[in-house]
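Numbering (the working numbering), first residue to last: 47 to 466.
Have a look at the structure below before the remarks.
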């Protein structure tokens, strides 16, 4: 099978949707992908050789493929194509170490593959019941922040799933509270549901504002909230359960319509909570968790030994993702989590940071105060185009790490102003 045929087969598998699991097909495509990367990705091949692997022919199953540590992306260009052919690139969020950020290079084919995977995930887990709805985005727009992957990515979400009334609500001045207030009241009056998407810190910032103003909103049934990133007290203490209570209190959106996202620049598929899809499509309810789609698998390994851990034990998360065709099929993250079953997992923290809680308790991911930076990695980060194409104007144009800093600066500045 040529690499063109292989990539086409992967795209076809992705386009089949999130319910069409075929373990034999996944394994076959994974082994073919690894052979292609062994031949064309010198960084990945060298790492595998250092682990004692002499040939991809000795691999029989996908989970025998060595996962490349995400830290490798901070040191070298991890690509299965000549780096000079890269047309799109992003910087990772630097959640572990803001001073050391990885660079993700993508050629046009890689870009299209990642778009396909995450459009399918967004449709399946956030908008399974509608084609379009009004989307309110608690992030800066690409016009304000052209170098922010989150901004550019959510512009794509708006393009594919939003109505013409969808809009961005954060500028250099902070959150457009008056505009957000008007949009929410309009939704109450018209009865048309809305989707609100943003970083967890942005929601908590607004809820604190609502508390001071004694505002509450009765959003129409079908409205939903999507948050990304952990929360470490930037705008006051809040646990994950308390966050869901606040969403219900101030928006009248129940927990099953609250979807958390998780992802990273080094691995291309973004993962969504199962709760909304379970309710609307499967007509059932299950423990909140992240779902691996047919084209990806997530496992948890022991931090010291690398041994795969059984369900329920906390360890390091590794992603095996066919959407990673053009860099590294298997990636060892710096995230801690546990498996619930072979296709479900949950994240609980960072290898280098604090652990919020053991398995069996409501998940709240302590990813530092860079909720917006983590959101960049999570919510369709793959849409970001080359930072060099941003034009070099304004503070954001070539600021590869601004996503983690600038949006929070806006809100922090606004919060300080409000306190005066």
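Glycine included, every Cβ here is placed at the ideal spot set by N, Cα and C.
- Of 228, 110, 371, the smallest CA-CA separation from residue 314 is found for 371.
- Using a Cβ distance threshold of 8 Å, residue 215 and residue 240 do not count as a contacting pair.
- In the DSSP assignment, residue 390 falls within the beta strand (DSSP E) that extends over 390–396.
- Excluding sequence positions up to five before and after residue 52, its CB lies within less than 6 Å of the CB of 78, all in the same chain and listed in chain order.
- Of 308, 188, 177, 124, the smallest CA-CA separation from residue 246 is found for 308.
- In the structure shown, the three-state DSSP call for residue 283 is coil.
- Each residue's CA atom was taken as its position, placing residue 374 and residue 367 some 8 Å apart.
- Secondary structure note for residue 50: its alpha helix (DSSP H) is the uninterrupted segment 49–61.
- Here the alpha carbon of residue 161 sits roughly 20 Å from the alpha carbon of residue 129.
- With 16 or more neighbouring CB atoms inside 10 Å of its own CB, residue 185 falls in the buried class.
- The bridge partners DSSP lists for residue 361 are 383.
- A Cβ-Cβ distance of about 7 Å is found for the pair residue 251 and residue 221, placing them in contact under the 8 Å criterion.
- Distances from the CA of residue 153 to each of 175, 382, 171, 126 were compared; the closest alpha carbon is that of 126.
- Straight across, the Cα-Cα distance linking residue 50 with residue 57 is about 11 Å.
- DSSP places residue 89 inside the alpha helix (DSSP H), whose first and last residues are 88–96.
- In the DSSP assignment, residue 230 falls within the unbroken alpha helix (DSSP H) covering 223–236.
- Here the alpha carbon of residue 283 sits roughly 30 Å from the alpha carbon of residue 212.
- Here the C-alpha atom of residue 121 lies approximately 11 Å from the C-alpha atom of residue 150.
- In this structure, residue 167 lies away from residue 63, with their beta-carbon atoms at least 8 Å apart.
- In the structure shown, the three-state DSSP call for residue 343 is strand.
- Around the beta carbon of residue 112, a 10 Å sphere encloses 16 or more other beta carbons of the protein chains shown; the residue is thus reported as buried.
- In this structure, the alpha-carbon of residue 257 lies about 29 Å from that of residue 204.
- Three or more pairs of CB atoms, one per stretch, sit closer than 8 Å, so the region 343–353 contacts the region 378–395.
- The bridge partners DSSP lists for residue 366 are 343, 376.
- Around residue 357, the same chain offers 384, 385, 386, 387 as residues with beta carbons nearer than 8 Å, after the five sequence neighbours per side are excluded.
- Remark: C-beta atoms of residue 295 and residue 262 approach each other more closely than 8 Å.
- Sequence-distant Cβ neighbours of residue 97 in its own chain, meaning closer than 7 Å and more than five residues away, are 112.
- Take residue 364, set aside five residues on each side of it, and the residues of its chain with a beta-carbon closer than 8 Å to its own are 113, 344, 345, 346, 347, 376, 377, 378, 379, in chain order.
- For residue 269, the number of other beta carbons within 10 angstroms of its own is at least 16, and it is reported as buried.
- Between residue 170 and residue 323, the CB-CB gap stays under 8 Å.
- Bridge partners of residue 166 according to DSSP: none are assigned.
- By the C-beta density criterion, residue 244 is buried, having at least 16 other C-beta atoms within 10 angstroms.
- Looking at 131, 302, 338, 355, the one whose alpha-carbon comes closest to that of residue 155 is 131.
- In this structure residue 381 is buried. Its beta-carbon is surrounded by 16 or more other beta-carbon atoms within 10 angstroms.
- Approximately 17 Å separates the beta-carbon atoms of residue 327 and residue 304; this is outside 8 Å, ruling out the contact.
- In this structure, the straight-line span from the alpha carbon of residue 273 to that of residue 116 is close to 23 Å.
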